[in-house]
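K.L.:
Residue numbers (our numbering): 16 to 329.
Starting off with a structure, shown below.
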Amino acid sequence: SHYRSYHGGTAHALTVSGDFRRGFVEDAPSVGFVKTMNPTDSTMFSFGTSDEERTSKALAYLDEQIACEGPGTIAAVMFESIVGSGGVYLAPPGYMEGVRALCDRHGILMIVDEVMTGFGRTGKFWGFQNYDIVPDIVTGAKGLTGAYLPLSMVAVRHEIKEHFENNPLGWGSTFQAHPVALAVAYETLKYILEHDLVSRAKHVIEPIIQANMQRLVAKHDSVARGRYIGAFGCLDIVDPRTNRPIQAFDGSGCTQPEAVAAFRAAFRANGLYGFLRLPVFHCAPALVIEPEELEDGFCRADRALEVLGQALTR
């Protein structure tokens, strides 16, 4: 799995995550997970100066890592199709296709985590459809029911399904396939398809996110850059004195704690509710949001960022 990743809050899911939250369970006896570097840039490291170089070197690194670990010891790789809570990073062209080729060469399963990106979020029904790949296993959740009820799913290739039909696992789940949750999922998916919300994410929501993120980056010294795809976006918040992240993801190393506290208070005071975990600030609106509602949300974010900017200059 990647260092910049998050795959869930249970012990094994946290351990396979690269997110700092894995530290809560890494003392537990959950072993066998190895991390690799993301192909995208961080504030401290890059595989190259172009997408082609990043893809080539990141795949070479992964290929070497597979050889060092031993291909026969690796059951699967598990990547988010687009990095979610770690900052909305799309893999550079050719990277995911290269991972698929490495998996095929070595007989390794490719698992793609679509919990945040599935069901239209990125302007494709599945996030992995932004690449030319077909995974072996896909996980999904949030958009499956529109968050009206909790429900997650796993999709697998036919041969994997047949294996477990003939060799069932010796466990179950109390609320697996709960009929009420499944009914909500059915109605949600029907609505997504009948109202073409996937296309709406790409052609209605994405242009608004793009324009507003570009405006906020140009206006605020504390906003270094923005990334977006479909109805999924993220802003990087920095300390303008250094142009580096204003704090680490776990909250440590904060260079301006009073300014951060003022920003969080302004965020709430402006009626915003969202995924604000500095040094990143996500935008993931409902796929049915009206354009004027989304514009209003960005105006509220603008006012909160003005408070941050004022606090940073004190």
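Idealized CB from N, CA, C, for every residue including glycine.
Using DSSP with H/G/I as helix, E/B as strand and the rest coil, what is Pro260?
P.N.:
Residue mapping note: residue 260 aligns to position 245 of the sequence shown, counting from 1. It is a strand residue.
K.L.:
Pull up the distance between the alpha-carbon of Ser20 and that of Arg37, whole angstroms please.
P.N.:
Here residue 20 is taken as the residue at index 5 of the sequence shown, counted from 1. Here residue 37 is taken as the residue at index 22 of the sequence shown, counted from 1. Distance between the alpha carbons of Ser20 and Arg37: 10 Å.
K.L.:
Quick one: what's got a C-beta closer than 7 Å to Gly101's C-beta in the same chain, skipping five residues either side?
P.N.:
Within the sequence shown, residue 101 is the residue found at index 86, counting from 1. Closer than 7 Å at Cβ, skipping near neighbours: Arg19, Ser20, Tyr21 and Asp34.
K.L.:
Could you give the DSSP three-state label for Glu209: helix, strand or coil?
P.N.:
Taking the sequence shown and counting its residues from 1, one reaches residue 209 at position 194. Glu209 falls in the helix class under three-state DSSP.
K.L.:
Under the rule that 16 or more other beta-carbon atoms within 10 Å means buried, what is Phe134, buried or exposed?
P.N.:
One-based indexing of the sequence shown puts residue 134 at position 119. Answer is buried; the Cβ neighbour count reaches 16.
K.L.:
Roughly how many angstroms separate the alpha carbons of Met93 and Gly266, rounded to a whole number?
P.N.:
Counted from its first residue, the sequence shown places residue 93 at position 78. Counted from its first residue, the sequence shown places residue 266 at position 251. Cα to Cα, the separation comes out at about 26 Å.
K.L.:
Could you tell me whether any non-hydrogen atom of the ligand NAP is closer than 7 Å to the CB of Gly23?
P.N.:
This structure simply doesn't include the ligand NAP, nor any ligand for that matter.
K.L.:
Once DSSP output is grouped into helix, strand and coil, what is the label at Arg69?
P.N.:
The residue labelled residue 69 in the question sits at position 54 within the sequence shown. If DSSP states are grouped into helix, strand and coil, Arg69 belongs with the helices.
K.L.:
In whole angstroms, what separates the C-alpha of Thr257 from that of Cys118?
P.N.:
Taking the first residue of the sequence shown as 1, we reach residue 257 at position 242. Taking the first residue of the sequence shown as 1, we reach residue 118 at position 103. Each residue's Cα considered, the two are about 40 Å apart.
K.L.:
Contact between the segment 46-55 and the segment 76-96: three or more CB pairs below 8 Å?
P.N.:
With a cut-off of 8 Å, the segment 76-96 and the segment 46-55 count as touching, because enough Cβ pairs lie within range.
K.L.:
Please report the straight-line C-alpha distance between Phe143 and Asn227, rounded to a whole angstrom.
P.N.:
As a working note, residue 143 is residue 128 in the sequence shown. As a working note, residue 227 is residue 212 in the sequence shown. The alpha-carbon atoms of Phe143 and Asn227 are separated by roughly 26 Å.
K.L.:
Which residues in the same chain have their Cβ closer than 6 Å to the Cβ of Gly99, if we skip the five residues on either side of it in sequence?
P.N.:
Sequence index remark: in the sequence shown, residue 99 carries index 84 (1-based). Here the set comprises Met131.
K.L.:
Just how far apart, CA to CA, sit Arg172 and Asp151?
P.N.:
By one-based count along the sequence shown, residue 172 stands at place 157. By one-based count along the sequence shown, residue 151 stands at place 136. Near 5 Å, if we compare the C-alpha coordinates of Asp151 and Arg172.
K.L.:
Given a threshold of 16 other Cβ atoms within 10 Å of its Cβ, counted over all protein chains shown, does Met59 qualify as buried or as exposed?
P.N.:
Walking along the sequence shown from the start, residue 59 turns up at place 44. Exposed.
K.L.:
Among residues of its own chain, excluding the 5 on either side of Arg315, which ones have a beta-carbon nearer than 8 Å to its beta-carbon?
P.N.:
Position 300 of the sequence shown, counted from the start, is the residue given in the question as residue 315. Excluding residues within five positions, the ones whose Cβ falls inside 8 Å are Asn285, Gly286 and Leu287.
K.L.:
By DSSP's criteria, Ala170 is part of a beta bridge. Which residues make up the other side?
P.N.:
On the sequence shown, position 155 is the one that residue 170 refers to. In DSSP, Ala170 forms a bridge with Val153.
K.L.:
I need the straight-line Cα distance from Glu68 to Arg120, nearest angstrom please.
P.N.:
Residue 68 sits at position 53 when you count from the first residue of the sequence shown. Residue 120 sits at position 105 when you count from the first residue of the sequence shown. Going from the Cα of Glu68 to the Cα of Arg120 covers about 22 Å.
K.L.:
Thinking Gly113 and Leu74 are a contact (beta carbons under 8 Å), I'd like their distance in whole angstroms, please.
P.N.:
Translated into positions along the sequence shown, residue 113 becomes position 98. Translated into positions along the sequence shown, residue 74 becomes position 59. Their Cβ separation, rounded to whole angstroms, is 4 Å, which keeps Gly113 and Leu74 in contact under 8 Å.
K.L.:
Are the CB atoms of Leu327 and Ala216 nearer to each other than 8 Å?
P.N.:
By one-based count along the sequence shown, residue 327 stands at place 312. By one-based count along the sequence shown, residue 216 stands at place 201. In this structure, Ala216 does not lie closer than 8 Å to Leu327 by Cβ.
K.L.:
Let me check one thing: in DSSP terms, what residues is Met125 bridge-paired to?
P.N.:
The sequence position of residue 125 within the sequence shown is 110, counting from 1. Per DSSP, Val92.
K.L.:
Restricting to Cα atoms, I'd like to know which of His235, Phe290 and Gln325 is closest to Glu273.
P.N.:
Here residue 273 corresponds to residue number 258 of the sequence shown, with the count starting at 1. Nearest option by C-alpha distance: Gln325.
K.L.:
DSSP state of Tyr21, grouped into three classes?
P.N.:
For the purposes of this step, residue 21 is taken as residue 6 along the sequence shown, with counting starting at 1. Three-state result, Tyr21: coil.
K.L.:
Under a three-way DSSP split, which group does His297 fall into?
P.N.:
Position 282 of the sequence shown holds residue 297. Note: His297 maps to strand in three-state DSSP.
K.L.:
Under the three-state reduction of DSSP, which class applies to Ile224: helix, strand or coil?
P.N.:
For the purposes of this step, residue 224 is taken as residue 209 along the sequence shown, with counting starting at 1. Helix.
K.L.:
With distances taken between CB atoms, is the gap from Pro54 to Thr64 smaller than 8 Å?
P.N.:
As a first step, residue 54 is located in the sequence shown; it is residue number 39 there, counting from the start. As a first step, residue 64 is located in the sequence shown; it is residue number 49 there, counting from the start. The answer is no: Cβ separation not under 8 Å.
K.L.:
Where does Tyr110 sit, in a helix, a strand or coil, going by DSSP?
P.N.:
Locating residue 110 in the sequence shown gives position 95, where the first residue counts as 1. Here Tyr110 sits in helix by DSSP.
K.L.:
Rounded to a whole number of angstroms, what is the C-alpha to C-alpha distance between Leu231 and Leu291?
P.N.:
Here residue 231 is taken as the residue at index 216 of the sequence shown, counted from 1. Here residue 291 is taken as the residue at index 276 of the sequence shown, counted from 1. Their Cα atoms are separated by approximately 16 Å.
K.L.:
Suppose you measure from the CA of Leu293 to the CA of Thr270; what does that come to, to the nearest Å?
P.N.:
What you label residue 293 is simply residue 278 of the sequence shown in a count that begins at 1. What you label residue 270 is simply residue 255 of the sequence shown in a count that begins at 1. Distance between the alpha carbons of Leu293 and Thr270 is about 12 Å.
K.L.:
Based on Cα-Cα distance, which residue from Val213, Leu184, Lys176 and Met168 lies nearest to Gln191?
P.N.:
Here residue 191 refers to the residue found at position 176 of the sequence shown. Considering only alpha carbons, the answer is Met168.
K.L.:
Which residues in the same chain have their Cβ closer than 7 Å to the Cβ of Gln225, if we skip the five residues on either side of it in sequence?
P.N.:
As a working note, residue 225 is residue 210 in the sequence shown. Answer for Gln225: Tyr243, listed in chain order.
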